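To start, the structure itself, in structure tokens.
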Amino acid sequence: MEYTIPDLDSISRQLMSLERPKKAKMLVVDDEPDNLDLLYRTFRRDFQVLKAESGVRALELLAQEGEVAVIISDQRMPEMKGTEFLSRTVPEFPDTVRIILTGFTDVEDLVEAINSGQVYKYITKPWDPDELKGVVQRAAETYELLKQRTEELNRSQAQMALLATIIRVAHDAKSAEMTLNPLAECFGRSFSTDGAVLQMVDGSQLAATEGHYGATVSWIADDELVKAAIATRKMQVAMNIPSDAKLATEAHYVAEDIQAHVVVPVIWGDEVLAVVSLYWYKPTTLRQDELVLLHLSAQQVSLVLTCNAYDRSIVMG
545 MEYTIPDLDS
555 ISRQLMSLER
565 PKKAKMLVVD
575 DEPDNLDLLY
585 RTFRRDFQVL
595 KAESGVRALE
605 LLAQEGEVAV
615 IISDQRMPEM
625 KGTEFLSRTV
635 PEFPDTVRII
645 LTGFTDVEDL
655 VEAINSGQVY
665 KYITKPWDPD
675 ELKGVVQRAA
685 ETYELLKQRT
695 EELNRSQAQM
705 ALLATIIRVA
715 HDAKSAEMTL
725 NPLAECFGRS
735 FSTDGAVLQM
745 VDGSQLAATE
755 GHYGATVSWI
765 ADDELVKAAI
775 ATRKMQVAMN
785 IPSDAKLATE
795 AHYVAEDIQA
805 HVVVPVIWGD
815 EVLAVVSLYW
825 YKPTTLRQDE
835 LVLLHLSAQQ
845 VSLVLTCNAY
855 DRSIVMG
């Protein structure tokens, strides 16, 4: 029987329910309270706006809140110029788009900041609200594009690392049993889980042989998603268990505070060799490409478990 990923459209709808659009964050920095309030009122409908009255306070706010999509900063402020403040945000937040407001002809500072990539654009005071809104909208779009490219690169690197690790484990391990813990850890780390289990299957039942990443668990054999994955040979996905009427009251989910669970059967021919169980302590999301990666990786694991070093009779005991 051919193994296929189940109805990705239905899974996507489940994931999209956890990814409702949120307002992007932006930070406005100005030592003049009236300007600060005006900037806040201008953008509060479209952004989650953070305010800071100085570069020092803005750095503290970023340390607390994390990355923002856009920063608008006045240039002439006491303690720290806008360009100096913005330059200090670049190492930690390279994708953030930075805009300078200036009422002075600080040409040298501005040119240097723009040429070094620290400033996206400068706006002179007094600014035209419509012009500023247009600049900020383009800045936010630029930020989203940068984030997408960064995420695509990180995703490609993660995929290559996962598949390379599976191949390395297959090469280094002396038996199938020795592959289970390293492979479980590989899956757990690659998908940022709180725990992962790779457990062998004997017929339609789980075998005792297993590998863990995170705490050892005892509930896998009783889990409905695991049973369904073995029976149907299809990936089982529950990304927000507390909102799922069928799963929310399951004793082990409640006791362990597990809020997201994905189970992937490892298939070889017509046989389910094992299951990969990934779980999280909070609702999470996986993109379609990550689900596909799980599928491909499971097929790689099946090759590991059926390689020449794998002695089925020993593993099953």
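Heads up: the sequence shown is residues 545 to 861, going by our numbering.
We put the beta carbon where it would ideally sit given N, CA and C, even for glycine.
Being a predicted model, the structure only gives us computed values, none of them experimental.
Which of helix, strand or coil DSSP assigns to residue i
i, result
"M704", "helix"
"D575", "coil"
"E628", "helix"
"G747", "coil"
"D674", "helix"
"P565", "For P565, the pLDDT reaches just 49, beneath the cut-off of 50, and the residue's location in the model is therefore unreliable, although a value from the coordinates is still provided. Here P565 sits in coil by DSSP."
"Q803", "coil"
"K669", "coil"
"V845", "helix"
"Y664", "coil"
"M570", "strand"
"Y825", "coil"
"V655", "helix"
"V798", "helix"
"R699", "helix"
"E729", "helix"
"V634", "coil"
"E688", "helix"
"L791", "coil"
"V612", "coil"
"Y547", "Note that Y547 scores 37 on pLDDT, short of 50, meaning its location in the model is unreliable and no value can be drawn from it."
"R601", "helix"
"L837", "helix"
Anticipated Cβ contact below 8 Å, residue i with residue j, distance rounded
i, j, result
"V600", "L583", "Actually they are not in contact, since the Cβ atoms of V600 and L583 sit about 18 Å apart, beyond 8 Å."
"I643", "V679", "6 Å"
"L727", "L837", "L727 to L837, Cβ: 14 Å. No contact."
"H796", "W763", "4 Å"
"V807", "M779", "7 Å"
"K566", "D590", "Their Cβ separation, rounded to whole angstroms, is 12 Å, which puts K566 and D590 out of contact at 8 Å."
"T640", "V612", "6 Å"
"I710", "S841", "6 Å"
Residue nearest to residue i in terms of C-alpha spacing, selected from the options
i, options, result
"D917", "F629, Q662, R777", "In the structure displayed, the chain extends from 545 to 861; residue 917 sits before or after that span and is not available."
"D833", "L724, F735, L654", "F735"
"D766", "Q749, M779, H839", "Q749"
"D746", "W824, C730, P809", "P809"
"T828", "T737, R585, N725, L838", "T737"
"M570", "K625, N784, E696, F637", "F637"
"W812", "A782, L849, A568, N784", "L849"
"A607", "I658, P635, P786, Y664", "P635"
"H839", "P786, A804, F731", "F731"
"D788", "A804, A799, A775, I774", "A804"
"W671", "Q692, R693, T646, E695", "T646"
"Y687", "K669, Y664, L676", "Y664"
"V713", "Q703, E729, Q701, I802", "E729"
"E733", "Y666, A702, T723", "Going by the sequence as given, residue 733 is Arg instead of Glu. Of Y666, A702, T723, the residue nearest in Cα terms is A702."
"I785", "D801, A775, K771", "D801"
"Q592", "V614, L603, E604", "V614"
"G610", "E768, N698, D581, L594", "L594"
"A751", "E721, L769, A759, E768", "E721"
Strand pairing of residue i, partner residues [DSSP]
i, result
"Q780", "V807"
"A508", "Residue 508 lies beyond the stretch modelled for the chain, which goes from 545 to 861, so this question has no answer here."
"H756", "V741"
"S617", "V573, I644"
"E815", "W812"
"F591", "A568"
"V530", "It is not possible to answer for residue 530, since the shown part of the chain is limited to 545 through 861."
beta-carbon residue i near the ligand COA non-hydrogen atom, thresh 7 Å
i, result
"A818", "In terms of ligand content, the structure shown is empty, and the ligand COA therefore cannot be addressed."
Within-8 Å CB hit, residue i to chain C
i, result
"P670", "Checking the listed chains, one finds no chain C in this structure; it contains a single protein chain."
Could you tell me whether the segment 678-694 touches the segment 803-820, using the rule of 3 or more Cβ pairs below 8 Å?
-> By the Cβ test, the segment 678-694 is not in contact with the segment 803-820, since fewer than three Cβ pairs between them sit closer than 8 Å.
Can we say the segment 836-849 touches the segment 727-744, given the rule of at least three CB pairs closer than 8 Å?
-> These segments touch.
Stretch pair the segment 574-582 + the segment 618-637: three plus CB contacts closer than 8 Å = Under the Cβ criterion (8 Å, minimum of three pairs), the segment 574-582 counts as touching the segment 618-637.
Cβ pair count under 8 Å reaching 3, the segment 781-795 against the segment 749-759 | No, because fewer than three Cβ pairs between the segment 781-795 and the segment 749-759 fall closer than 8 Å, the two stretches do not touch.
Within the chosen definition, does the segment 586-600 reach the segment 621-631 through at least 3 CB pairs nearer than 8 Å?
-> By the Cβ test, the segment 586-600 is in contact with the segment 621-631, since at least three Cβ pairs between them sit closer than 8 Å.
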